[in-house]
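So the protein sequences, as listed, match chains A and B.
Each residue of the first sequence is one higher than the one before, starting from 38 at the first, in the numbering used here.
Each residue of the second sequence is one higher than the one before, starting from 69 at the first, in the numbering used here.
Each residue gets a CB set at the ideal place from its N, CA and C atoms; glycine is no exception.
The structure displayed is predicted, hence computed values, not measured ones.
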Amino acid sequence: MAVSPVVVHTNDGGGGVVPSPLKPSSTSNGTPRLARPAAGGEAPAAPAPQQHLPMTLDLVEQMNEQEKKKYVKGKKLGEGTYANVYLGHARHDATVLVAIKKIKVQKDYKDGLAPDAVRELKHLQELRNHPNIINLLSVFSSKDQNLNLVLEYLPLGDLEMLIRDVDRVRYGAADIKAWMGMLTRAVWFCHDNYVLHRDIKPNNLLIAADGEVKLADFGLARSFADPGTRMTANVITRWYRPPELLFGARHYSGAVDVWSVGLVFAELVIRAPFLPGNTEVHQIELICQAIGTPTEENWPGVSQLKDYTVPAPPTPVAGKEAYMTRFGGVGAEGVDLLMKTLLLDPKKRITAREMLEHKWWRAEPRPTRKEDLPRKSGGEEKLADDLKRRPGVVEDEGSTARGGKVARKLDFGAAK
Amino acid sequence: MASEDARYRQSSQFRLWSFSRSELASLREKANALARASISERLSSTSSSSTTANKNNHDRSASTSNANTPDPEGSAGGASFRLPEFLTVAEEALMVTFYTSQLLGAGEAAGMSDEVCATAAAFFRRFYITNSIMTYPPQDMMFVALFFGCKAEGHFPRIGDFLNMGALSSIKKQPEEILAGEFLLCQGIRFAFDVKHPFRALIGAGMELRRLGGIPEDRIRAAESRAKQILRFSSLITDAYFHYTPSQIMLAALSHADRGLAERLIHNTFHLPTAPIKVESGADTPVDGVPKENNARKDRANEDKAAIIGQHIRDRVLGTIEACRDMLSHEMPERSREHWQTKEIYQDLVLPVKKKLKKCRDPDRSNLVALQRARREKALKKSGGSEDGGPDDRATAGTKGDDAGIFGGDLVQRDSKRRKVAPGQGPALDDPFGGPL
């Protein structure tokens with residue numbers, strides 16, 4: 038059963054016209070067959086059971102059909118363990134592009150709707166209308182009861198692609214400031230709404246057609262816990278995981294996200310992961326070496342944490358000099374901000390709000406306007422007119438001025 | 069000032085699930101009317117149309133056991149068909165309230181947190197705003213709501229563990245019965261999984277009252293504890309969440325517990341003198357060198373503030389809280405034990421409606437497991453079978469066997485044996501709690 042990526046003519050063929058009592062769910066949308074019941078294949082024919090029962094649509098089903106009808110699903114952009122992403126567009130206007138994230142039925146999770154999907158939906162429903170958070174446009178279910186999240190289409194890849202493409206993408210302090218500004222606003226907005234993201238990293242920072250950075254993937258997010266409620270320490274991709282989580286803290290705050298933001302900042306500057314640990318133990322070692330060993334002196338109470346272990350001779354906390362040599366490109370103010378995000382003690386670490394009030398934003402250089410940020414083209418699935426326009430933008434001065442040749446062809450899809 | 073009010077208006081609770089009383093009433097009427105219409109249609113088409121229809125219908129419900137058994141009631145179709153009496157909107161409301169009390173009791177007995185129980189109750193009640201009790205079985209959906217309430221609050225119990233939580237083990241539900249309804253619930257609550265509760269607000273109120281000083285600790289504690297009881301029941305079993313914000317609900321509960329304290333809090337909060345704020349704007353005589361617009365800006369800031377916490381708002385707030393208080397007073401916490409859980413109430417109020425319900429419920433949807441299987445099969449047909457979803461769609465009864473294995477044939481069999489409800493209307497699957505045979 039090859040999963041032929043399908044164009045969903047959800048309802049235009051038949052049932053859609055009227056919520057007809059007959060077979061509302063009989064329209065063909067070619068959705069891939071479901072893993073589980075498919076087991077025996079479509080076996081021998083026999084007298085029909087269910088299909089001829091008149092099944093009218095409930096109010097809710099009608100609403101679902103309406104939502105579904107608003108979009109047309111196109112080709113598959115990417116496939117993940119948790120979801121497949123399709124390009125789509127609004128039915129009424131084919132130029133309005135969307136990404137349709139179809140949550141997979143997970144083989145190893147037998148307990149209904151998977152946690153990632155529950156978390157992602159829960160939080161995206163509430164964090165609407167912020168320019169730096171991916172916008173959830175709609176949710177609907179397809180016939181096989183798969184969830185489809187309709188998200189805004191972000192065609193220009195993610196921050197990781199830009200960071201890694203050292204040969205073809207050049208950027209400077211003003212660009213970093215612009216990206217960091219957008220990231221910080223997104224994180225502030227989450228925290229201001231009592232949500233911890235818990236997976237901030239460059240490839241969760243997607244880039245919109247206009248250059249705007251959008252925080253995505255809320256599959257690990259959760260609401261702030263009440264004091265005393267334990268949370269899992271096993272969150273955030275290792276390289277971006279703060280020391281308190283590595284030490285097994287079960288009570289933590291927005292400071293965990295701020296640490297990740299700091300590491301994204303560092304990575305933007307040096308264009309490589311700052312602390313790429315191979316294991317959790319290695320991760321702690323790297324933190325101790327580069328930032329300093331967490332001790333009772335610089336972090337009262339740290340030794341009480343369940344998994345607190347640090348390599349033997351403690352390394353003193355790195356001073357500004359050390360940071361300046363590596364990160365001086367963003368100026369003294371930038372380094373000051375970076376250091377505050379990387380304070381070992383989460384209680385002393387700067388908050389997202391304080392970050393926004395930092396002097397660096399107002400120091401020279403001014404952040405680049407988002408339209409002028411370096412970018413790479415968004416892959417082969419671009420629409421024809423986009424293709425026509427893009428090389429002009431990309432290969433010309435706009436980016437050559439920055440010394441960048443930008444890839445015309447991309448290996449992976451834009452949305453995740 | 070991006071006020072909390074403004075933020076609340078962005079929440080799904082406000083956007084999707086807050087209504088005026090008349091809106092709410094009309095939604096419920098609509099759901100009831102829609103259910104009547106579609107159930108009528110289904111019942112009449114199954115019983116009055118050709119034998120094929122009867123045959124099909126029979127096959128459906130008997131599917132896994134033995135599809136070839138002749139239908140004992142099949143002959144009853146045709147002319148003798150009469151529509152049942154449907155539940156009224158009021159009767160539906162009674163059932164939703166009754167099952168909400170059951171849900172809260174079950175959640176508590178299973179040792180779930182206040183947030184989980186409250187979220188589950190909110191899901192359950194939201195679901196039955198656009199769905200009729202006659203369409204989907206409340207005695208199943210209440211457990212589905214509890215299960216999904218856990219998930220929405222960030223706990224992800226395995227379904228087996230869930231069914232073993234404390235008192236839940238006595239309900240004898242199969243995992244399939246819960247899972248089959250999960251997606252349905254999610255759809256019914258419009259995929260809005262975040263429910264805002266007044267519990268934290270109450271903690272804040274306690275802190276605020278202590279900060280004010282001069283109030284005996286005993287009094288505060290007593291008020292907190294009573295208010296919390298109210299928030300764990302009264303606000304969840306009434307329509308309070310549909311009409312009021314969490315903080316309003318908290319204040320109403322606090323006012324039940326100790327009116328004086330609630331009013332003190334309100335008076336302290338909405339304290340800014342209103343109207344001409346000359347006094348505050350720098351006392352008319354601008355200091356030299358302070359540009360005028362600075363004052364103007366201050367004025368504006370004060371006006372903004374006054375719009376939120378000015379004295380003139382106070383009366384409105386007090387009025388709202390009084391109305392909410394009134395709503396809660398119909399279902400004080402004692403009603404849980406002294407009313408809803410008593411035999412008399414069950415016998416006199418609930419049972420008659422349940423009996424009525426058995427005759428008028430949706431023949432296609434009262435069994436969630438069978439329903440989900442039907443829907444999935446349909447989806448399968450489409451992808452695997454004919455492109456246009458045409459008549460060939462019927463076919464593939466062979467999957468019946470597979471499904472029985474996957475979804476628990478045993479279960480379905482049990483149900484099909486029990487069926488025998490409305491004579492003449494074809495077999496209907498029975499209430500899992502339902503009567504003896």
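Nearest-angstrom Cα separation, counted from residue j out to residue i
{"i": "residue 259/B", "j": "residue 158/A", "result": "7 Å"}
{"i": "residue 384/B", "j": "residue 115/A", "result": "53 Å"}
{"i": "residue 276/A", "j": "residue 128/A", "result": "41 Å"}
{"i": "residue 235/A", "j": "residue 385/A", "result": "19 Å"}
{"i": "residue 214/B", "j": "residue 189/B", "result": "8 Å"}
{"i": "residue 131/B", "j": "residue 439/B", "result": "Unreliable placement is indicated for residue 131/B, whose pLDDT of 38 sits below 50; no coordinate value is reported for it."}
{"i": "residue 271/A", "j": "residue 262/A", "result": "15 Å"}
{"i": "residue 387/B", "j": "residue 268/B", "result": "23 Å"}
{"i": "residue 167/B", "j": "residue 408/B", "result": "9 Å"}
{"i": "residue 170/B", "j": "residue 237/B", "result": "15 Å"}
{"i": "residue 404/B", "j": "residue 422/B", "result": "19 Å"}
{"i": "residue 437/B", "j": "residue 176/B", "result": "26 Å"}
{"i": "residue 213/A", "j": "residue 302/A", "result": "8 Å"}
{"i": "residue 85/B", "j": "residue 363/A", "result": "52 Å"}
{"i": "residue 12/A", "j": "residue 446/B", "result": "Residue 12/A is absent from the structure shown; chain A starts at 38 and stops at 453."}
{"i": "residue 442/B", "j": "residue 183/A", "result": "15 Å"}
{"i": "residue 507/B", "j": "residue 299/B", "result": "Chain B is shown from 69 up to 505; residue 507/B falls before or after that span and cannot be answered."}
{"i": "residue 337/A", "j": "residue 331/A", "result": "9 Å"}
{"i": "residue 482/A", "j": "residue 389/A", "result": "No statement about residue 482/A is possible, as the shown extent of chain A runs from 38 to 453 and does not include it."}
{"i": "residue 378/B", "j": "residue 371/B", "result": "9 Å"}
{"i": "residue 77/B", "j": "residue 316/A", "result": "44 Å"}
{"i": "residue 73/B", "j": "residue 123/A", "result": "37 Å"}
{"i": "residue 426/B", "j": "residue 313/B", "result": "37 Å"}
{"i": "residue 367/B", "j": "residue 374/B", "result": "10 Å"}
Residue i and residue j closer than 8 Å at C-beta
{"i": "residue 210/B", "j": "residue 306/B", "result": "no"}
{"i": "residue 95/B", "j": "residue 165/B", "result": "no"}
{"i": "residue 317/B", "j": "residue 303/B", "result": "yes"}
{"i": "residue 244/B", "j": "residue 428/B", "result": "no"}
{"i": "residue 173/A", "j": "residue 161/A", "result": "yes"}
{"i": "residue 289/A", "j": "residue 383/A", "result": "yes"}
{"i": "residue 138/A", "j": "residue 101/A", "result": "no"}
{"i": "residue 196/A", "j": "residue 225/A", "result": "no"}
{"i": "residue 291/B", "j": "residue 325/B", "result": "yes"}
{"i": "residue 536/A", "j": "residue 198/A", "result": "Here chain A covers residues 38 to 453 and nothing more, so residue 536/A does not appear."}
Closest by C-alpha distance to residue i, when choosing among the options
{"i": "residue 228/B", "options": "275/B, 300/B, 246/B and 152/B", "result": "246/B"}
{"i": "residue 132/A", "options": "413/A, 260/A, 120/A and 189/A", "result": "189/A"}
{"i": "residue 308/B", "options": "398/B, 419/B and 75/B", "result": "398/B"}
{"i": "residue 366/A", "options": "287/A, 265/A, 220/A and 307/A", "result": "307/A"}
{"i": "residue 66/B", "options": "181/B, 419/B and 364/B", "result": "It is not possible to answer for residue 66/B, since the shown part of chain B is limited to 69 through 505."}
{"i": "residue 252/B", "options": "179/A, 201/A and 191/A", "result": "179/A"}
{"i": "residue 80/B", "options": "108/B, 326/B and 194/B", "result": "194/B"}
{"i": "residue 321/A", "options": "225/A, 285/A and 252/A", "result": "285/A"}
{"i": "residue 2/A", "options": "233/A, 326/A, 360/A and 281/A", "result": "Because residue 2/A is not part of the residues shown, which for chain A are 38 to 453, the question remains open."}
{"i": "residue 285/B", "options": "321/B, 312/B and 329/B", "result": "329/B"}
{"i": "residue 105/B", "options": "254/B, 155/B and 391/B", "result": "155/B"}
{"i": "residue 206/B", "options": "240/B, 370/B and 162/B", "result": "162/B"}
{"i": "residue 147/A", "options": "90/B, 250/B and 83/B", "result": "250/B"}
{"i": "residue 276/B", "options": "240/B, 301/B and 337/B", "result": "337/B"}
{"i": "residue 152/A", "options": "211/A, 348/A, 218/A and 258/A", "result": "258/A"}
{"i": "residue 192/A", "options": "361/A, 145/A and 125/A", "result": "125/A"}
{"i": "residue 390/B", "options": "191/B, 322/B and 271/B", "result": "322/B"}
beta-carbon residue i near the ligand NAP non-hydrogen atom, thresh 7 Å
{"i": "residue 277/B", "result": "For the ligand NAP, the structure offers nothing, since it holds no ligand at all."}
Note to self: Quick check: the stretch 222-240 of chain B against the stretch 397-417 of chain B, are at least 3 beta-carbon pairs closer than 8 Å?
What the structure shows: no
Item checked: Validate contact between the stretch 387-395 of chain A and the stretch 369-377 of chain A using beta carbons, cut 8 Å, 3 pairs -> yes
Margin query: Would you call the stretch 235-245 of chain A in contact with the stretch 284-300 of chain A, where contact means no fewer than 3 C-beta pairs closer than 8 Å?
Written below: yes
Next item on the list: List in chain order: all unbroken beta strand (DSSP E) runs of 3+ residues lying wholly within the stretch 122-193 of chain A.
Entry: 130-140, 173-178 and 184-189
Item checked: Uninterrupted alpha helix (DSSP H) stretches inside the stretch 171-235 of chain B (no shorter than 4 residues) -> 182-198, 206-220 and 227-230
Note to self: Extract the residue ranges of the alpha helix (DSSP H) inside the stretch 416-448 of chain B, only unbroken runs of 4 or more that lie entirely within it.
What the structure shows: 419-428
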